[in-house]
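As structure tokens, the structure follows; a few thoughts come after it.
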Amino acid sequence: MAIIWQQTIQGNHYEVRNAGASIRLYRNGVNHSQWNPSRPLCGSIWDLITLPTLHRPADSLRDVLILGFGAGAVGRQIRELANPTRIVGVELDPIHLSIADGFFECSEGCELIAGDAVEWVHEGEGEASYDVIIDDLYAEHEGVPVRCVPMDAAWCEALGDLLKPGGMLIFNSIEPDKIAHLPLFKSPVLKERFKETVMYRIDGYENRVIAFSDRPFEKRALDRHLARILKAYPACRGVAKRYIKCRGFGG
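Counting from 17, one number per residue, gives the positions in the sequence shown under this note's numbering.
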């Protein structure tokens, strides 16, 4: 793996590395984004964030919001595989967005916003504008990812206000023991609205990616998408074996 760019800015050390066709961003030793244009599904955590969007029929998702855009691994995946009309990415670290533009080629098809995602959500007008909202809000402390905002009822309700009917909320969680206690399972209002869930994990990672919607997640649509993707990108063959659909909220 070769370092193709590195710099320390305001106490944060950034490295962009490549390994074959894969390009990766590390900040303070933590891998924040990874993308391979010939292998858009590579059996990674980012795949799990994208998977729920593939439970919808082709071309049915128009507007996607990614909170915690990083350098754009999920943005690139969703742009290539789900083909939405619009992707909005909000990212606190402007250096990440510069790397997303310069190395991950995210400027085309993605509207990138440098700012605090929590403030951006709470200061919005609450218009239901998105088919998909992805919450991947993590920083790092001493080389370990840490959550930037509690997943409490107020936060989940604020995200719900931005979601169209039939849309989905997707959360990347590094604390699987807390998933069963999420307000989307506890709050009567949120439980009534978001009755459908799907959750994925892969071996070797604590992460659980869980999605909520008022519409069922269609297994048939997922199978069709995966068949199409494997045909278009033969290098992706075999990666789906890594995806584990969780049967319980602690799974």
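Just so it is clear, CB atoms sit at the ideal spot from N, CA and C, and this is done for glycine as well.
Judged by DSSP secondary structure, I61 falls within the alpha helix (DSSP H) whose first and last residues are 61 to 66.
Bounds of the beta strand (DSSP E) holding F228 are 224 to 229. The Cβ neighbour count for S123, taken over all protein chains shown within 10 Å, is under 16; the residue is labelled exposed. Rounded to whole angstroms, the separation of the alpha carbons of N44 and E156 is 8 Å. Note on S49: 16 or more other CB atoms within 10 angstroms of its CB, so buried under the neighbour-count rule. For a cut-off of 8 Å, the C-beta gap from A144 to L198 is around 21 Å, too long to register as a contact. F201: member of the alpha helix (DSSP H) spanning 199 to 202, first to last residue. By the Cβ criterion, the stretch 237 to 256 is not in contact with the stretch 84 to 93, since fewer than three pairs of Cβ atoms, one from each stretch, lie closer than 8 Å. The DSSP-derived three-state label of E212 is strand.
Relative to E222, the option among T24, D168, V162, F210 whose CA is nearest is V162. Contact annotation: Y216 and C262 have beta-carbon atoms nearer than 8 Å. A direct Cα-Cα distance of roughly 21 Å separates E127 from P68.
Around the beta carbon of S54, fewer than 16 other beta carbons lie within 10 angstroms, which makes this residue exposed. When the five nearest sequence neighbours on each side are left out, the beta carbons in the same chain lying within less than 6 Å of the beta carbon of P73 are those of A237, in order along the chain. Where H71 is concerned, there is no enclosing alpha helix (DSSP H), because DSSP gives it neither an H nor an E. The Cβ neighbour count for P204, taken over all protein chains shown within 10 Å, is under 16; the residue is labelled exposed.
At the C-beta level, L57 and I245 come within 8 Å of one another. Looking only at D147, L200, E191, the smallest Cα-Cα distance to A170 is reached by L200. By the Cβ neighbour-count rule, V225 is buried, with 16 or more other Cβ atoms within 10 Å of its own. Inside the stretch 91 to 132, DSSP marks whole beta strand (DSSP E) runs of 3 or more residues at positions 102 to 107, 126 to 130, from first to last along the chain. Looking at K257, W21, D75, the one whose alpha-carbon comes closest to that of R33 is W21. Distance from the CA of D239 to the CA of A37, rounded to the nearest whole angstrom, comes to 26 Å. Burial of T66 is indicated by the presence of at least 16 other C-beta atoms within 10 angstroms of its C-beta. In the displayed model, D79 falls within a strand according to three-state DSSP. Judged by DSSP secondary structure, D177 falls within the alpha helix (DSSP H) whose first and last residues are 169 to 177. Note on G86: 16 or more other CB atoms within 10 angstroms of its CB, so buried under the neighbour-count rule.
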